[in-house]
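Report on the following structure.
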């Protein structure tokens, strides 16, 4: 791993056009500003891992006609309260 | 942040999706064809990848199962698909379909945002929304 030391308001450049700037250091938290081309998505690592896992799982979906019929039978149920995220 | 109307795709919508930044977990996946799943009318779509042979997703307009779902997107999401705003995009969610509907889930954390005129698409992330990437589509007993 490459290790660099930066002060607040200093940046690093990744490739030609990704710039990461240290905005603020407070206790054990660091705020970073990132500019990148729009085709480069920037994620928190744990969120990216969650999406990766969900997509890999989804790619194993069963797609035979029996699953389709089961889903169609379910269409438009009343909104189940417990699906909602908490406040 | 803008609330978005979650409408199903219409006949005029693009039948090809292009993800300029790929899809998490499948970095090579860029373009997908979109076809209705099944021969009879249904709200379900099959997304079949051109680059990764055999990669397919089942997707559905979220209103089919989650009428209360109101994803809010920042301007960077619209920019990424070259859309002006909510009127130009459609939202789909990816399903993980199991043998029984009770075990099947939807990814409400990472909805697909599609420019309905051009097919440019992005898997957005609703960070901090509390939505799960594996939300059951039916209430568990």
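Protein chains in written order, with my numbering: chain A, 683 to 769; chain B, 98 to 238. Backbone N, C-alpha and C define an ideal beta-carbon position, used for all residues, glycine too. Nothing here was measured: the structure is a model prediction, and the numbers come from that model.
Can you tell which of B/121, B/192, B/112 and B/196 has its C-alpha closest to the C-alpha of residue 730 of chain A?
Position 48 of the first chain holds residue 730 of chain A. Comparing Cα positions, the closest option is B/121.
Reduced DSSP category for residue 126 of chain B - H, G, I as helix; E, B as strand; rest coil
In the second chain, the residue the question calls residue 126 of chain B occupies position 29. Correct three-state label for residue 126 of chain B: coil.
Who does residue 113 of chain B pair with in a DSSP beta bridge?
Here residue 113 of chain B corresponds to residue number 16 of the second chain, with the count starting at 1. In the DSSP assignment, the residues bridged to residue 113 of chain B are B/130.
Taking residue 129 of chain B as the query, report the chain A residues whose CB atoms sit under 8 angstroms from its CB, ordered along the chain.
By 1-based counting over the second chain, the position of residue 129 of chain B is 32. When 8 angstroms is used as the limit between beta carbons, residue 129 of chain B is near no residue of chain A, the shortest such separation being about 12 angstroms.
Only counting runs of 4 or more residues, tell me where the alpha helix (DSSP H) segments fall wholly within the segment 181–222 of chain B, in order along the chain.
Runs of the alpha helix (DSSP H) inside the segment 181–222 of chain B: none found.
Under 8 angstroms by Cβ, that's how I've got residue 205 of chain B and residue 166 of chain B pegged, so tell me the actual separation to the nearest angstrom.
As a first step, residue 205 of chain B is located in the second chain; it is residue number 108 there, counting from the start. As a first step, residue 166 of chain B is located in the second chain; it is residue number 69 there, counting from the start. Right, their Cβ atoms sit about 6 angstroms apart.
Contact check, residue 743 of chain A vs residue 197 of chain B, beta carbons under 7 angstroms:
For this step, residue 743 of chain A is matched to residue 61 along the first chain. For this step, residue 197 of chain B is matched to residue 100 along the second chain. Their beta carbons are not under 7 angstroms apart, which means residue 743 of chain A does not touch residue 197 of chain B by this criterion.
I'd like to know whether the C-beta of residue 104 of chain B is nearer than 7 angstroms to at least one C-beta of chain A.
One-based indexing of the second chain puts residue 104 of chain B at position 7. Any reading at residue 104 of chain B must be qualified, since the residue scores a pLDDT of 48, below 50, and its modelled position is unreliable; the value itself is stated next. Closer than 7 angstroms to the CB of residue 104 of chain B there is not a single CB belonging to chain A.
Are residue 174 of chain B and residue 211 of chain B touching if we call contact CB-CB under 7 angstroms?
As a position in the second chain, residue 174 of chain B is number 77, starting the count at 1. As a position in the second chain, residue 211 of chain B is number 114, starting the count at 1. No, the pair does not count as a contact, with Cβ atoms beyond the cut-off.
CB of residue 143 of chain B within 7 angstroms of CB of residue 129 of chain B, strictly:
Residue mapping note: residue 143 of chain B aligns to position 46 of the second chain, counting from 1. Residue mapping note: residue 129 of chain B aligns to position 32 of the second chain, counting from 1. No, the pair does not count as a contact, with Cβ atoms beyond the cut-off.
First and last residue of the alpha helix (DSSP H) that includes residue 141 of chain B?
Here the question's residue 141 of chain B lines up with position 44 in the second chain. First-last for residue 141 of chain B: undefined, no H or E at that position.
Going by other Cβ atoms of all chains shown within 10 Å of its Cβ, with 16 needed for buried, is residue 181 of chain B buried or exposed?
As a position in the second chain, residue 181 of chain B is number 84, starting the count at 1. Its Cβ having fewer than 16 others within 10 Å, residue 181 of chain B is exposed.
Is the separation between the beta-carbon of residue 230 of chain B and that of residue 736 of chain A shorter than 7 angstroms?
On the second chain, position 133 is the one that residue 230 of chain B refers to. On the first chain, position 54 is the one that residue 736 of chain A refers to. Yes, Cβ-Cβ distance for residue 230 of chain B and residue 736 of chain A is below 7 angstroms.
Are any of the Cβ atoms in chain A nearer than 7 angstroms to that of residue 98 of chain B?
Position 1 of the second chain, counting from 1, holds the residue named residue 98 of chain B. Unreliable placement is indicated for residue 98 of chain B, whose pLDDT of 49 sits below 50; the coordinate value is still reported in the next sentence. Against chain A, the CB of residue 98 of chain B has no partner CB under 7 angstroms away; the residue lies outside that interface.
Among residues of its own chain, excluding the 5 on either side of residue 703 of chain A, which ones have a beta-carbon nearer than 6 angstroms to its beta-carbon?
Counting from one through the first chain, the residue named residue 703 of chain A turns up at place 21. The beta carbon of residue 703 of chain A lies closer than 6 angstroms to those of 693 and 715 in the same chain, with the five residues before and after it left out.
From the DSSP output, read off the bridge partner residues of residue 714 of chain A.
In the first chain, counting from the first residue as 1, residue 714 of chain A sits at position 32. Residue pairing of residue 714 of chain A in beta bridges, as defined by DSSP: A/704.
Please report the residue range of the alpha helix (DSSP H) in which residue 738 of chain A lies.
Within the first chain, residue 738 of chain A is the residue found at index 56, counting from 1. First-last of the alpha helix (DSSP H) with residue 738 of chain A: 727–740.
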